[in-house]
Amino acid sequence: SFVIETIFGIPGMGKYFVDSVNQYDYTMILGTTLFYAGLLIFMVFLVDIAYGFIDPRIRIDK
26 SFVIETIFGI PGMGKYFVDS VNQYDYTMIL GTTLFYAGLL IFMVFLVDIA YGFIDPRIRI
86 DK
């Protein structure tokens with residue numbers, strides 16, 4: 026995200042993450058890492074749900 030934020034001039038969390046790595050701010054590093062991990066898990070869950078609506082052949086079998 027840091028590269029995209031830098032190229033397009035968008036303020037975001039990528040800059041905070043890179044700044045915290047440069048300043049050895051371990052609390053901020055841990056917080057942003059956990060935030061991105063949680064966001065990734067949530068997005069994967071949403072994509073799995075969306076696959077069921079898009080393609081009815083994809084279902085969870087019991």
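Residue 26 is where the sequence shown starts when you use our numbering, and the numbers rise one by one after that.
In this text, a Cβ means the ideal position worked out from N, Cα and C, and glycines have one as well.
Asked: Straight-line CA distance for GLU30 to LEU55?; Found: 20 Å
Asked: What does the alpha-carbon distance come out to for the pair GLN48 and ILE83?; Found: 47 Å
Asked: Can you tell me whether PHE67 is buried or exposed? The criterion is at least 16 other CB atoms within 10 Å of its CB, across all chains shown.; Found: exposed
Asked: Beta-carbon separation of THR57 and PHE42 under 7 Å?; Found: yes
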